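> First residue of the sequence shown? That's 177 in this note's numbering, and the numbers climb one at a time after it. All residues carry an ideal CB built from backbone N, CA and C; glycine is no exception. As the structure is a computational prediction, the values presented were derived from the model and not from experiment.
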Amino acid sequence: MLDYWNPAMRLYVDRLVDWETILTLRRGEAVDVEAEKGAFSTVLETLAALTAGFERPAREHWSEEAQLTPDGGAEPPAHMRDAYAKLREAGLVCMPVPEKYGGAALPLLLNGMALEMIARADASLMTVIGLQTGAAEDIEKYASEETKRAILPRFVSGEVQGCMDLTEPQAGSDLGRISARVTDLPDGTVRVDGQKIFITNGGAEVHLVLARDADTYDASKGTTQGLSLVLVERHRPDGSPNGVRVARLERKLGIHGSPTCEVVFEGAIGVRLGEKGKGFRAMLDLMNNARLGVAAQGLGIAEAAFHDATVYARQRQQFGQPIEKQPLVMTMLAKMAVNIEAARALCYHTYELADLVRSREVALSGSRLSNAERSAQQEALERDVVRLRLLTPLTKYFATEISHDITRDAMQILGGVGYTMDSDVPKLHADSLITTVYEGTSEIQASFALKEMGKGALAVVFEMARRELDAMKQDAMREPLADRVLSMIERVEEATKVLFSDIQYALLRAKLLAEMVIDVLASTELLRQVGADPRRLEVAESYVMRRSLEGDTMARRIEQNATGRLARDARVLELVTERSA
Ligand SMILES: Cc1cc2nc3c(=O)[nH]c(=O)nc-3n(C[C@H](O)[C@H](O)[C@H](O)COP(=O)(O)OP(=O)(O)OC[C@H]3O[C@@H](n4cnc5c(N)ncnc54)[C@H](O)[C@@H]3O)c2cc1C
177 MLDYWNPAMR LYVDRLVDWE TILTLRRGEA VDVEAEKGAF STVLETLAAL TAGFERPARE
237 HWSEEAQLTP DGGAEPPAHM RDAYAKLREA GLVCMPVPEK YGGAALPLLL NGMALEMIAR
297 ADASLMTVIG LQTGAAEDIE KYASEETKRA ILPRFVSGEV QGCMDLTEPQ AGSDLGRISA
357 RVTDLPDGTV RVDGQKIFIT NGGAEVHLVL ARDADTYDAS KGTTQGLSLV LVERHRPDGS
417 PNGVRVARLE RKLGIHGSPT CEVVFEGAIG VRLGEKGKGF RAMLDLMNNA RLGVAAQGLG
477 IAEAAFHDAT VYARQRQQFG QPIEKQPLVM TMLAKMAVNI EAARALCYHT YELADLVRSR
537 EVALSGSRLS NAERSAQQEA LERDVVRLRL LTPLTKYFAT EISHDITRDA MQILGGVGYT
597 MDSDVPKLHA DSLITTVYEG TSEIQASFAL KEMGKGALAV VFEMARRELD AMKQDAMREP
657 LADRVLSMIE RVEEATKVLF SDIQYALLRA KLLAEMVIDV LASTELLRQV GADPRRLEVA
717 ESYVMRRSLE GDTMARRIEQ NATGRLARDA RVLELVTERS A
């Protein structure tokens with residue numbers, strides 16, 4: 177049970193996170209940081225015990241699909257509804273909402289750890305809880321006070337759930353192609369008409385819908401301008417239906433319990449969140465939260481597969497010994513472990529940064545700060561927002577890609593058994609596959625990261641990393657590794673000079689660049705962990721040594737193929753397609 181509340185989580189909660197700054201900015205000097213930390217541990221221990229109990233039913237009922245309900249909604253299978261009820265009873269379905277709306281105002285990092293635990297037990301259940309907190313945060317940021325007071329306490333109590341409705345048949349990665357329509361009504365509300373597809377938990381009561389303003393419909397078509405984010409409830413205040421209907425459910429490769437819905441809006445009445453025509457920005461906030469949530473989901477699934485693989489490798493005897501003793505198996509397991517730790521390090525680092533950003537915003541919106549403090553906080557906030565915009569897509573990319581690899585390696589370690597549905601690892605692999613697709617595919621995360629780097633975020637992030645690494649060099653144990661990571665930074669900087677001279681080539685290499693930057697950031701964070709727990713040196717060493725070699729190869733690939741690569745790809749495809757035609 178304690179396994180779910182794992183050592184890395186404890187390290188962050190007890191020692192690594194700068195709670196003093198995060199909590200004081202948010203709640204003032206009087207906050208009792210040690211007491212808060214104790215409370216955080218209690219929440220996570222409770223969650224660990226609860227979620228571990230969800231694991232068996234989730235695996236046994238894995239293939240059970242969500243169902244349509246007679247009232248035009250959709251619901252997950254019984255084991256998921258039971259698990260949700262238990263989380264609800266424990267008051268743990270929507271943890272970060274502020275106290276004034278009935279929430280516990282728990283840090284985003286804690287929420288991320290909770291989502292990781294939930295996903296480890298049941299990746300489908302995580303989709304529902306992830307949206308619950310994600311939608312609540314967007315409402316908190318963009319809704320009117322009246323809407324917040326009406327909706328948020330119901331989110332916290334678990335009475336209502338949320339979903340986000342962006343995708344349409346012709347608008348996937350490219351949300352500029354959205355055609356659902358928002359029309360203003362004389363009383364200040366709006367009506368929404370259109371069709372959305374692939375909507376997770378689309379039977380939820382509260383929908384956050386991205387749709388195009390009727391006034392500027394034709395002029396803004398094909399762009400992300402002129403979009404509004406609208407909150408639509410499935411029922412009107414008198415309980416009658418509000419023109420929101422789940423038309424069908426998708427049948428999928430994994431996360432069967434998670435309802436993936438086609439949702440039709442026909443004259444649905446709602447209210448705008450944020451400014452008219454600025455919905456894309458508001459939606460990006462929701463998506464960024466959700467991206468970190470999916471990173472946590474990827475981690476949780478990877479952890480579950482790694483756990484199953486280690487248990488199996490320990491007991492499976494071949495050639496007179498457990499297979500874990502075979503060097504090829506042992507090294508595969510060790511690489512899985514190190515990759516999980518590296519992705520977790522980056523994920524928790526990004527969540528900590530998200531908490532810092534939120535605390536700075538809260539402090540700046542109040543009246544506690546002096547003028548000097550205010551300008552210092554404003555400057556730090558601007559810097560941290562830049563960092564967060566780069567780190568979020570990188571974290572999503574990394575944690576979900578390793579989830580794919582680790583669940584696949586777990587299947588390999590289980591041999592033939594791993595290909596049968598008597599084992600759980602193929603289920604975990606199937607579940608992991610969606611994580612590199614939804615909330616923006618890996619390619620989209622790499623392109624987003626590239627865009628942020630092009631706007632100067634890389635320099636900001638590297639400046640912070642350099643400062644941390646230079647400080648680590650005072651510690652003899654970490655000095656050689658810190659030096660290596662500093663060289664990795666230089667290598668990335670050299671490669672980017674070639675890259676940014678040609679945008680098409682930069683897009684072609686966006687994944688390589690993302691991976692090189694991820695390696696620097698994850699390595700730096702693993703080394704930071706060593707400062708708090710020297711036993712983790714070998715995890716950091718293993719990652720830094722392996723990835724610094726890879727980094728050099730990636731940099732050379734970027735540099736050597738600077739010209740002509742795209743044209744060659746086009747020629748190869750033309751030739752091969754001609755041949756097979
Ligand atoms: C189970 C499930 C749940 C989902 N839940 C939700 C939800 O709750 N709400 C919601 O709104 N949507 C949801 N989605 C939709 C999901 O976010 C999209 O499927 C995803 O963003 C990709 O869009 P697409 O499927 O249209 O693929 P496309 O955009 O058509 O992309 C196809 C391929 O082209 C690549 N590609 C596209 N553009 C680029 C580019 N510029 N550069 C490089 N490569 C590119 C992609 O990476 C991908 O490999 C869900 C989808 C699934 C399957």
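Among Met-340, Lys-213 and Leu-199, which has the Cα closest to the Cα of Met-185?
Comparing Cα positions, the closest option is Lys-213.
> Ligand 1 heavy atoms versus the CB of Ser-623: any closer than 6 angstroms?
Yes, the beta carbon of Ser-623 sits closer than 6 angstroms to at least one heavy atom of ligand 1.
> Which runs of the alpha helix (DSSP H) at least 4 residues long sit entirely within the segment 203-257? Give them in chain order.
The qualifying runs are 209-236.
> Just confirm the distance between the C-beta atoms of Leu-301 and Ala-259, as a whole number of angstroms; I'd bet it's less than 8 angstroms.
About 5 angstroms separates the two Cβ atoms, so the contact holds.
> Tell me which residue opens and which closes the alpha helix (DSSP H) that Ile-305 is part of.
Here the alpha helix (DSSP H) through Ile-305 covers 299-318.
> With hydrogens ignored, establish whether the beta-carbon of Ile-305 is closer than 6 angstroms to any heavy atom of ligand 1.
Not under cutoff, so the answer is no.
> Along the beta strand (DSSP E) that carries Met-271, what are the first and last residues, could you check?
First-last for Met-271: undefined, no H or E at that position.
> At the level of alpha carbons, what is the spacing between Leu-328 and Ser-239?
In a straight line, the C-alpha of Leu-328 is about 33 angstroms away from that of Ser-239.
> Report, in whole angstroms, the separation of the C-beta atoms of Pro-274 and Glu-316, which I expect to be a contact under 8 angstroms.
At roughly 7 angstroms, the Cβ-Cβ gap stays under 8 angstroms, so Pro-274 and Glu-316 are in contact.
> Excluding the 5 residues flanking Met-459 on each side, which residues of the same chain have their C-beta closer than 6 angstroms to its C-beta?
Within the same chain, Met-459 has close Cβ partners Leu-386 and Leu-405.
> Compare the Cα-Cα distances from Ile-610 to each of Met-597, Val-470 and Ile-734 and report the closest residue.
Among Met-597, Val-470 and Ile-734, the Cα nearest to that of Ile-610 belongs to Val-470.
> For Ala-757, collect the residues of the same chain with a Cβ closer than 7 angstroms to its Cβ; drop the 5 residues on either side in sequence, then sort them by chain order.
For Ala-757, the predicted model reports a pLDDT of 48, less than 50, meaning its position is unreliable; a value from the coordinates is still stated below. Within the same chain, Ala-757 has no close Cβ partners at all.
> Once you ignore the five residues that flank Met-721 on each side, which residues in its own chain have a CB closer than 7 angstroms to its CB?
Hits under 7 angstroms: none found.
> Confirm the yes/no value for this check: CB of Leu-831, any heavy atom of ligand 1, distance under 6 angstroms.
Residue 831 lies beyond the stretch modelled for the chain, which goes from 177 to 757, so this question has no answer here.
> Please work out which residues of its chain come closer than 8 angstroms, Cβ to Cβ, to Pro-602, disregarding the five sequence neighbours upstream and downstream, and give them in chain order.
Within the same chain, Pro-602 has close Cβ partners Met-587, Gly-594, Tyr-595 and Thr-596.
> When you compare only the Cα positions, how much space is there between Gly-310 and Asp-646?
Those two C-alpha atoms are separated by around 37 angstroms.
> Would Gln-680 be called buried (16 or more neighbouring beta carbons within 10 Å of its own) or exposed?
Flag for Gln-680 reads exposed.
> In chain order, what are the residue ranges of uninterrupted alpha helix (DSSP H) at least 4 long that sit wholly in the segment 633-662?
Fully enclosed alpha helix (DSSP H) runs of 4 or longer: 633-648.
> In the DSSP assignment, find the unbroken beta strand (DSSP E) run with Ile-375 in it and report its ends.
Residues 366-376.
> Per DSSP, what are the beta-bridge partners of Gly-594 in this structure?
Per DSSP, none; premise fails for Gly-594.
> Compute the minimum distance between the beta carbon of Gly-348 and the heavy atoms of ligand 1, and state whether it is under 6 angstroms.
The answer is yes for Gly-348.
> Nearest-angstrom Cα distance between Ser-156 and Met-653?
Given that the chain is displayed from residue 177 to residue 757, the structure contains no residue 156 and the question cannot be resolved.
> Could you tell me which whole alpha helix (DSSP H) segments of length 4 or greater appear in the segment 493-570?
Entirely contained in the segment 493-570, the alpha helix (DSSP H) runs reaching 4 residues are, in chain order, 503-541.
> Quick check on Ala-757: does DSSP put it in helix, strand or coil?
Unreliable positioning characterises Ala-757 in this predicted model, as indicated by a pLDDT of 48, which lies under 50. The coordinate reading is nonetheless provided below. Coil.
> Which partner residues does Glu-409 have in the DSSP bridge list?
Note: Glu-409 sits in a beta bridge opposite Val-382.
> Can you tell me whether Ile-679 sits near ligand 1, meaning its C-beta is under 6 angstroms from at least one heavy atom of the ligand?
Answer for Ile-679: no, Cβ out of range of ligand 1.
> Beta-carbon separation of Leu-604 and Thr-617 under 7 angstroms?
The answer is no: Cβ separation not under 7 angstroms.
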